[in-house]
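Enquirer:
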Amino acid sequence: MTAATVTTPIAADWRDFLALTKPRVLSLVVYTGLCGLLAAPTTIHPVIGFTAILCIALAAGAAGTLNQWYEVDLDSRMKRTAKRPLPAGRMDRDTALQFGVGLSIFSVVLMGLAVNLVAAAILAVSILFYVLVYTVWLKRRTPQNIVIGGAAGAFPPMIGWAAATGDVTLMPILLFAIIFLWTPPHFWALALFVETDYANAGVPMLPVVAGERVTRQHVGLYTIPMAAVAIAPWPLGFTDWIYGTVAVATTAIFAVLALIVTMRTSQPGDGMTPEKKLFKFSILYLFILFGALVVDAQVFA
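Counted the way this note's numbering counts, the sequence shown spans residues 59 to 359.
1) Kindly list the residues whose CB is nearer than 7 Å to the CB of Ile180, restricted to its own chain and excluding five residues on each side of it in sequence; keep chain order.
2) With distances taken Cα to Cα, identify the nearest neighbour of Ala120 among Val130, Val159, Ser85.
3) With distance defined between alpha-carbon atoms, name the residue in Phe251, Trp292, Arg73, Pro291 nearest to Thr273.
4) Please classify Val261: does DSSP put it in a helix, a strand, or coil?
5) Gly147: which of Ser162, Thr123, Ala70, Tyr188 sits nearest, CA to CA?
6) Measuring straight from C-alpha to C-alpha, what distance separates Phe337 and Leu92?
7) Verify whether the separation of the beta carbon atoms of Val277 and Ala247 is less than 9 Å.
8) In the DSSP assignment, find the unbroken alpha helix (DSSP H) run with Ala249 in it and report its ends.
9) Relative to the C-alpha of Ala118, which residue among Ser165, Thr109, Thr139, Ile236 is closest?
10) Could you give the uninterrupted runs of the alpha helix (DSSP H) lying entirely in the segment 291-358, keeping only those of 4 residues or more?
11) Which full runs of the beta strand (DSSP E) of 3+ residues lie inside the segment 130-214, going along the chain?
12) Does the Cβ of Gln126 have 16 or more other Cβ atoms within 10 Å, making it buried, or fewer, making it exposed?
13) State buried or exposed for Thr60, treating a residue as buried only when at least 16 other CB atoms are found within 10 Å of its CB.
14) Please report the distance separating the alpha-carbon of Pro67 from that of Met149.
15) Ala70 lies in the alpha helix (DSSP H); which residues open and close that run?
16) Smallest Cα separation from Met229: which of Ala172, Asn174, Leu294?
17) Take every Cβ of the segment 255-266, pair it with every Cβ of the segment 231-241, and state whether three or more of those distances are shorter than 8 Å.
18) Looking at Tyr280: is its Cβ nearer than 9 Å to the Cβ of Pro332?
19) Can you tell me whether Trp240 is buried or exposed, with buried defined as 16 or more other CB within 10 angstroms of its CB?
20) Would you identify the three-state DSSP class for Pro81, choosing helix, strand or coil?
21) Hey, how far is the Cα of Val267 from the Cα of Pro201?
22) State whether the segment 131-143 contacts the segment 176-196, with contact taken as three or more CB pairs (one from each stretch) at a distance under 8 Å.
23) Would you mind giving the Cβ-Cβ distance between Pro145 and Ala77, rounded to the nearest angstrom? I have them listed as a contact below 8 Å.
24) Less than 8 Å between C-beta atoms, sequence neighbours within five positions excluded: which residues of the same chain meet that for Gly107?
25) Once DSSP output is grouped into helix, strand and coil, what is the label at Pro99?
26) Just how far apart, CA to CA, sit Gly302 and Phe348?
27) For Val226, which residues of its own chain have a beta-carbon under 8 Å away from its beta-carbon, when the five flanking residues on both sides are left out?
28) Assuming the contact rule is C-beta atoms closer than 8 Å, Ala154 and Tyr188 should be a hit. Round their C-beta distance to whole Å, please.
29) Work out the CA separation of Thr109 and His103 for me, nearest whole Å.
30) Sorted by chain position, which residues of the same chain lie with C-beta nearer than 8 Å to Thr90's C-beta, five sequence neighbours on each side aside?
31) According to DSSP, is Gly91 helix, strand or coil?
32) Are the Cβ atoms of Ala316 and Ala305 separated by less than 9 Å?
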């Protein structure tokens with residue numbers, strides 16, 4: 059009997075419910091959502107702003123929970139996910155489903171009642187996209203799962219912006235596009251050094267179905283439009299020199315790391331390989347880029 063088929067789980071505690079929300083992913087989602095809210099060209103009451111970010115956090119946690127509820131069979135076959143509450147047998151699937159659905163409904167309703175309907179609608183779309191389009195439809199069927207599914211993680215800054223302004227303009231669409239185009243090289247760098255895990259689980263990630271060489275080429279190819287979109291807010295006049303300088307400098311570092319990964323021919327191996335360096339820096343890159351966006355907006359407001 060595998061861990062995924064355990065029928066009498068140990069009673070879950072608060073740490074297991076927290077683990078279902080994918081706290082590491084949630085932190086980046088909340089951060090980019092907050093940056094979108096603070097960079098918007100308007101002011102928002104602190105209580106309403108806090109509520110908007112809380113709703114984004116709850117929705118992200120709900121999506122992560124429903125993802126784990128649906129993928130318990132995959133998680134049980136991957137080393138890096140086998141200790142999660144469901145495959146480890148610390149929680150039953152019905153409890154996770156109820157928790158995820160409850161968080162989803164509560165976050166969207168609260169956003170609609172306390173903030174505005176535009177932000178609530180985008181929030182609902184983001185949950186449905188991550189759960190139905192990425193998790194249920196794409197992930198097990200196509201190596202392009204990360205490319206299309208990347209939209210799910212790109213919604214938060216747009217939601218934050220909509221929470222503050224009540225609408226969506228070109229600038230939040232650019233913020234969406236930055237994360238959308240950042241996601242493939244970020245996750246393919248990860249996939250290169252955990253390829254065995256994905257292969258064992260039967261997930262058709264690009265390195266598994268197309269090979270290492272093709273994956274490296276795609277890392278380089280997707281970095282090009284990502285770099286262009288990341289810098290675009292400056293020449294388009296949406297930001298000033300603070301964001302522009304930081305965007306050019308950090309994007310150049312990202313591009314160099316991506317080029318090294320693209321040109322490399324050896325297996326990823328152990329230690330701090332170029333793939334791991336790119337993966338780790340890509341997270342820092344997004345934090346720095348969106349932080350610069352907020353600083354720029356506050357200085358030149």
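Backbone N, C-alpha and C fix where the C-beta goes; we use that ideal spot for every residue, glycine too.
Expert: In brief:
1) Phe213, Met216, Ile217, Ala220
2) Val159
3) Phe251
4) coil
5) Ala70
6) Roughly 23 Å separates the two Cα atoms.
7) yes
8) Following the DSSP letters along the chain, one finds Ala249 inside the alpha helix (DSSP H) bounded by residues 228-251.
9) Ser165
10) Listed in chain order, they are 299-321, 332-357.
11) none
12) buried
13) At Thr60 the pLDDT is 44, less than 50, meaning the model places this residue with poor confidence; the figure from the coordinates comes in the next sentence. That one is exposed.
14) Annotation note: pLDDT 49 at Pro67 (below 50); position unreliable, no value reported.
15) That residue, Ala70, is in no alpha helix (DSSP H); it is neither H nor E in DSSP.
16) Leu294
17) no
18) no
19) buried
20) Helix, per DSSP.
21) 7 Å
22) no
23) Actually they are not in contact, since the Cβ atoms of Pro145 and Ala77 sit about 11 Å apart, beyond 8 Å.
24) Result list for Gly107: Leu95, Ala221, Ala222, in chain order.
25) coil
26) 11 Å
27) Val176, Ile180, Met216, Trp219, Ala220
28) Wrong, their Cβ atoms sit about 15 Å apart, outside the cutoff.
29) Using only the alpha carbons, I get a separation of about 10 Å.
30) Pro214, Pro215, Gly218, Leu233, Ile237, Leu344, Phe348
31) Gly91 falls in the helix class under three-state DSSP.
32) no
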